Structure formats: C-alpha cells, structure tokens
Amino acid sequence: MSTPLNINRRNSSALYKKAKEVITGGVSRNTIYRRPHPFYVAKANGSYVTDIDANTRIDFANNMASLIHGHAHPVVNEAVISQLQRGTAYTMGTGIEVEFAELLTERNKNFEKIRFVNSGTEAVMAMIKASRAYTGKAKIAKAEGAYHGTYDFAEISQIVKPENWGNIDQPNPVPVTYGTPKGVLNDVVVFPYNDTERTIKLLEANKADLACVLLDPVSHRVGLFPIEEDYLVAIYNWTRKNKVLLVFDEVVTYRVAYSGAQELYPVTPDMTALGKIIGGGFPVGAIAGNADVMSVFDPTRKVIKQPHSGTFSANPITMTAGKVAMELFDKQGVDDINNITNIAKNQLRDVIKEADVPVVITGAGSMFRFHLRHNEPRSHRETYQNPEEIKLIKEILDYLFYHEDLMMINTFACMFATTITQVEVDRLTEALFNAFKKYKKEIHSFAK
Ligand SMILES: Cc1ncc(COP(=O)(O)O)c(C=O)c1O
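Position 245 (the sequence shown) corresponds to 282 in our numbering; numbering is contiguous.
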C-alpha cells in the first residue's frame, strides 16, 4: 500500500483503537472505513473538513451526496438552532412538516402527495411495500448493480461478479447479505440497465406477478450515467399497458434538476423515493407520488393497506433543515451548481488528455464519476470493477486523501455542494492531474 504514514494521524489512530473495542469493526457504516484506520472529524465548514489531527481537506463527497450546501451552512444552522430550543420531536404533528410538504409537492407535479421517513433505505422500502399493497402483487423488478439501500428486496444483485451474475438474457438474482431468504430471490426480477430488448422480455415473462419496476434515473453503482430516454420510455409504456407501477429512486438524483432527474424525461413515475439532500444535513427520506397509489398509507381509509409510522419521521429538526436547504436550492441554485460541475468536468477532461490516461467521466447535474476505461460504459457489466481495479482505485483515492488533501466517494466519484467554487475546482483538477501522472502506467496496463 502506498499510504504515507508520515501524515498527522496519531489522534485518529488512537481513537480508532478505542472505537474497535465497542463498535463492530470500529465503524457504524462501512463506507467510512479506510486502511489503516478511519479519520475522525473535529470540525467542518463549507467545503472544508478538518480532522482531529488538524489535517484539512476539501470535501467532494459531502456525506455521500447528502450535503447540498456543504457543512454548517449558516442559514440552515440558524433555523435549526431556533427549532432546537422549542423541542426536537413530539408525539404530535408540526406546521413545518406541512410547509415542507407544500414546498416539495409544488416543485414537482408528479408529487401529488408525500410522506416523510428517516432514510433513503426506508423510503425505498415503504415505496416497494406500497406498490405491493396497491397492486396486490409480490414481485419487483430492478436493475443489476443498482444500489437502493439495504431493504432485502432492493439490495438483490447490487453486488455481482462474472462468477455469479449469470446470462445477460436472464441475470441471476444475487443476494448481498448472507442468509437472504430464497423467497426474496424468487420475488426479484433482475434486468440489465439500458438494455431495452432484454429488459422488456424479462418484464413480460413476469408481468402477472410484478408490483413495480424500480429505477434510478442516474444509478451511481450501475455507472453514474443517465438512463437512456428510449429505454425509459419503453419501460414506462410497458408498465402503463400492463398495470405495473413505475417507481423511481431519486434519493441521490433529486439534485440533478429542480424537480429531480425525472424532470428531464417524458414519463410520470407513480411514486418516487427521496432522501439525502432534502434533509438539509439531517437523516431523511420521503415517498412522493400519485395520490391514489399513496392512499395505501391513509389512516382515514376504512382499510389501511399499509400501516405506516416511524418514531422520528417528519421530526421538526429535519423538516426545518430540509425546508431551508431546499429553499436555498432554488432554480438558480440548481443551475449554478450544475454549471460549476460542468466547468470541473471540462477541466478534468483536459487533464486526462494531457496526462494521456485512458480515463472517462460519466455523470449528470452536480455529480460525476471516473472510470478507468477507453470508452464510456453504458451498462453495469461494462462498469464492473474487478478486485485489481478496485485496489488501484483505492490507491488513487488514498493518494488524493493523503497527499492532495481531498476527499471523494469511494467509487471514484464527486458529488458537489453549492459551496464549491472555482478555487476548489482548480485544486481538484491539479490533484487529479498529479494522480493520473503518478498512476499512468498502472491505469494503462489495465484499462479496458
Ligand atoms: C440511490 C440510493 N438509494 C437509496 C439509498 C439509501 O439511502 P440511505 O443511506 O439514506 O438509507 C442510497 C444511499 O446511498 C442511494 O444512493
């Protein structure tokens, strides 16, 4: 490993030793684990994070794409502090929940009704259960490689490899977690993203049992390239014809356009799962969509098809932070962040050329991902990273973290915040140029 051990890390190293004593593996989410130990934060502001050993880094991960305004935004903070003094959660409703619901439903005409939950995983789970409750059918269809959180059904085939992914005409449903019940595997139809013919064939073969088709319009793990319009329209038309729901996971992609990435396509999903940025830095999720479909949650109905609660759902801290953050992320805010991201991508493509490395960039809106490839991938199997590639990417990311003082998402992706300016973009460009020069030989020896 090329990790330099001469950087300041004494305090983080000592804290990790303690953490391992009481937390399994020393971390509550595997995402933050890194060798030889995770780093612990002392403070963060805007796009800069300082750890407890006084190393300051530029943040291009933004808590896994959830902090659209970076860290400790003063307007969000002020509103949250004011709410904190009036309580954090009650066994009663609050006006701020209604105001935030109004704001989000006004932003997107497909969101006739909304419900708040506490995470993206929970939103996707509730959406899948609502699809079953509404249609009376059990199966869901999802794309190979797509990450939708950790609900049993949603996580099938998120991690696959050539040894187990099966024939592309009928991809295997591959469990992520040991002990996943067979019944779960039987109720998930896995299809290849952006492959119309195969996907429609698979949907046809299962149409009698399908409750919903679950799609992320720019799936990060599939490869962070936008879904192709013809493909999406074909699936949409198929769902209309066969009375199967089309449900979107926009937990990450809501940032792409003012009403979410769905704004860019001529389709109307029946429901959409939201999360990440709409929490303004606090844990959140939401399900939004067609009023008739969403009525399965309705406690005023004689039959409540999907009883649905959650101790901290719509708590006023999250609602306050989310509302302020989304007010700040208005049409201009979305345009500005997308523009600076485009500038970054152009500069990065220039240094890729200059460094002469086979690297391509995919993405949409304020997010992008590097691939060690000659050509842009357009399917998950083309994006697939074998263990060797994962090792090299880890080395590059470690180099960026330790030598260039910047943080990215571990798939080699950046999720921008509105606090990123030309200064941070130039630093990113320079750092990547250095990294590409340093690892040029390795990238060449292995890029497909
Ligand atoms: C597309 C997508 N869906 C769902 C989730 C799950 O969200 P959460 O981590 O809030 O449970 C994530 C998280 O990264 C995600 O990227």
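Glycine is no exception: its CB is placed at the ideal position from the N, C-alpha and C atoms. In this text, all values refer to a predicted model and were calculated from it rather than measured experimentally.
- ASP286 lies in the beta strand (DSSP E); which residues open and close that run? Within the sequence shown, residue 286 is the residue found at index 249, counting from 1. Element bounds for ASP286: 282-286.
- Query: Should the segment 223-232 be regarded as contacting the segment 405-421, the criterion being three or more beta carbon pairs within less than 8 Å?
  - Reply: yes
- Query: In three-state terms, what does DSSP make of LYS478?
  - Reply: Position 441 of the sequence shown, counted from the start, is the residue given in the question as residue 478. Note: LYS478 maps to helix in three-state DSSP.
- Between LEU469 and VAL289, what straight-line distance do the alpha-carbon atoms span, to the nearest angstrom? Translated into the one-based positions of the sequence shown, residue 469 becomes position 432. Translated into the one-based positions of the sequence shown, residue 289 becomes position 252. One C-alpha to the other measures close to 24 Å.
- Task: Name the two residues that bound the continuous beta strand (DSSP E) containing VAL226.
- Result: Indexing the sequence shown from 1 puts residue 226 at position 189. Unbroken beta strand (DSSP E) run through VAL226: 225-228.
- Residue nearest to ILE89 in terms of C-alpha spacing, selected from ASP96, LYS80, ILE95 and PHE97: For the purposes of this step, residue 89 is taken as residue 52 along the sequence shown, with counting starting at 1. Nearest option by C-alpha distance: LYS80.
- In the structure shown, what three-state DSSP assignment does MET164 receive? As a working note, residue 164 is residue 127 in the sequence shown. If DSSP states are grouped into helix, strand and coil, MET164 belongs with the helices.
- With distances taken from CA atoms, which of LYS244, ARG258, ALA138 and GLY318 is nearest VAL112? Numbered from 1 along the sequence shown, position 75 holds the residue referred to as residue 112. Selected option, being the one with the closest Cα: GLY318.
- For ASP88, which three-state DSSP category applies? Your numbering for residue 88 matches position 51 in the sequence shown. Residue state, collapsed to three classes: strand.
- Whole-Å CB distance - PHE153 paired with VAL321, under 8 Å assumed: Your numbering for residue 153 matches position 116 in the sequence shown. Your numbering for residue 321 matches position 284 in the sequence shown. Contact between PHE153 and VAL321 holds: CB atoms are separated by about 7 Å, below the 8 Å threshold.
- Query: According to the neighbour-count rule (16 or more other Cβ atoms, all chains shown, within 10 Å of its Cβ), is GLN122 buried or exposed?
  - Reply: Residue mapping note: residue 122 aligns to position 85 of the sequence shown, counting from 1. Its Cβ having fewer than 16 others within 10 Å, GLN122 is exposed.
- Message: Does the beta-carbon of THR158, which I'm using as the reference point, lie nearer than 7 Å to any heavy atom of ligand 1?
- Response: The count along the sequence shown starts at 1 and reaches residue 158 at position 121. Yes, the beta carbon of THR158 sits closer than 7 Å to at least one heavy atom of ligand 1.
- Quick one: is the Cβ of HIS345 within less than 7 Å of any heavy atom of ligand 1? The residue you call residue 345 lines up with position 308 of the sequence shown. Checking the Cβ of HIS345 against ligand 1 gives no.
- Query: If we count the other Cβ atoms within 10 Å of its Cβ and call it buried at 16 or more, is THR276 buried or exposed?
  - Reply: Counting from 1 along the sequence shown, the entry for residue 276 is found at position 239. The residue is buried, with at least 16 neighbouring Cβ atoms inside 10 Å.
- Query: Quick one: what does DSSP say GLY318 is sitting in, helix, strand or coil?
  - Reply: Within the sequence shown, residue 318 is the residue found at index 281, counting from 1. Correct three-state label for GLY318: coil.
- Query: In three-state DSSP terms, what is ILE177?
  - Reply: What you label residue 177 is simply residue 140 of the sequence shown in a count that begins at 1. Three-state result, ILE177: strand.
- If we ignore side chains and look at the alpha-carbon of each, how far apart do HIS74 and SER50 end up? In the sequence shown, the residue the question calls residue 74 occupies position 37. In the sequence shown, the residue the question calls residue 50 occupies position 13. Whole-angstrom Cα-Cα distance: 6 Å.
- Message: Please state the DSSP three-state secondary structure of VAL255.
- Response: To locate residue 255, count along the sequence shown from 1; it is residue 218. In this structure, VAL255 counts as coil in the three-state DSSP scheme.
- Best match in ALA245, LYS166 and THR448 for proximity to ILE32 [C-alpha to C-alpha]: Outside the displayed span of the chain (38 to 485) sits residue 32, for which this structure offers no information.
- Task: Would you kindly work out how many angstroms separate the C-alpha atoms of GLY124 and ALA362, rounded to a whole number?
- Result: Translated into positions along the sequence shown, residue 124 becomes position 87. Translated into positions along the sequence shown, residue 362 becomes position 325. GLY124 and ALA362: Cα-Cα distance of roughly 20 Å.
- Would DSSP call ARG46 helix, strand or coil? Counted from its first residue, the sequence shown places residue 46 at position 9. Looking at ARG46 - three-state DSSP - the assignment turns out to be coil, as it is neither helix nor strand.
- Tell whether a beta-carbon distance below 8 Å holds between GLY370 and VAL293. The residue you call residue 370 lines up with position 333 of the sequence shown. The residue you call residue 293 lines up with position 256 of the sequence shown. Result no, Cβ atoms of GLY370 and VAL293 do not sit closer than 8 Å.
- Item | Residue nearest to ARG47 in terms of C-alpha spacing, selected from ILE69, ARG71, TYR77 and THR68 | Reading the sequence shown from its first residue, position 10 is the one you call residue 47. Among ILE69, ARG71, TYR77 and THR68, the Cα nearest to that of ARG47 belongs to TYR77.
- Query: Do THR312 and ALA160 have their C-beta atoms closer together than 8 Å?
  - Reply: Counted from its first residue, the sequence shown places residue 312 at position 275. Counted from its first residue, the sequence shown places residue 160 at position 123. A small fix is needed here, since residue 312 is Gly in this sequence, not Thr. The answer is yes: Cβ separation under 8 Å.
- Query: Of the choices GLY186, GLY182, GLU181 and GLU200, whose alpha-carbon is the least far from that of ALA163?
  - Reply: Numbered from its first residue, the sequence shown carries residue 163 at position 126. The option with the nearest alpha carbon to ALA163 is GLY186.
- Query: What is the DSSP secondary structure of THR309, counted as helix, strand or coil?
  - Reply: On the sequence shown, position 272 is the one that residue 309 refers to. DSSP places THR309 in strand when its eight states are reduced to three.
- Item | Of the residues MET356, ALA180 and ASN447, the one placed nearest GLN422, counting alpha carbons only | On the sequence shown, residue 422 is found 385 positions in, with the first residue counted as 1. Checked all of MET356, ALA180 and ASN447; the closest Cα to GLN422 is ASN447.
- Task: Given a cut-off of 8 Å, decide if MET444 and VAL86 are closer than it, judged by their beta-carbon atoms.
- Result: Looking up residue 86 in the sequence shown gives position 49. Looking up residue 444 in the sequence shown gives position 407. The answer is yes: Cβ separation under 8 Å.
- Spatial neighbours of ALA454 in its chain, beta-carbon cut-off 7 Å, leaving aside the 5 residues before and after: The count along the sequence shown starts at 1 and reaches residue 454 at position 417. Excluding residues within five positions, the ones whose Cβ falls inside 7 Å are SER84, ASN99, LEU104, ILE105, HIS106 and GLY107.
- Can you tell me which of the three DSSP states HIS440 falls into? Along the sequence shown, read from residue 1 onward, the residue named residue 440 stands at position 403. In this structure, HIS440 counts as helix in the three-state DSSP scheme.
- Task: Taking all protein chains shown into account, decide if ASP253 is buried (16 or more other Cβ within 10 angstroms of its Cβ) or exposed.
- Result: By 1-based counting over the sequence shown, the position of residue 253 is 216. The residue is buried, with at least 16 neighbouring Cβ atoms inside 10 Å.
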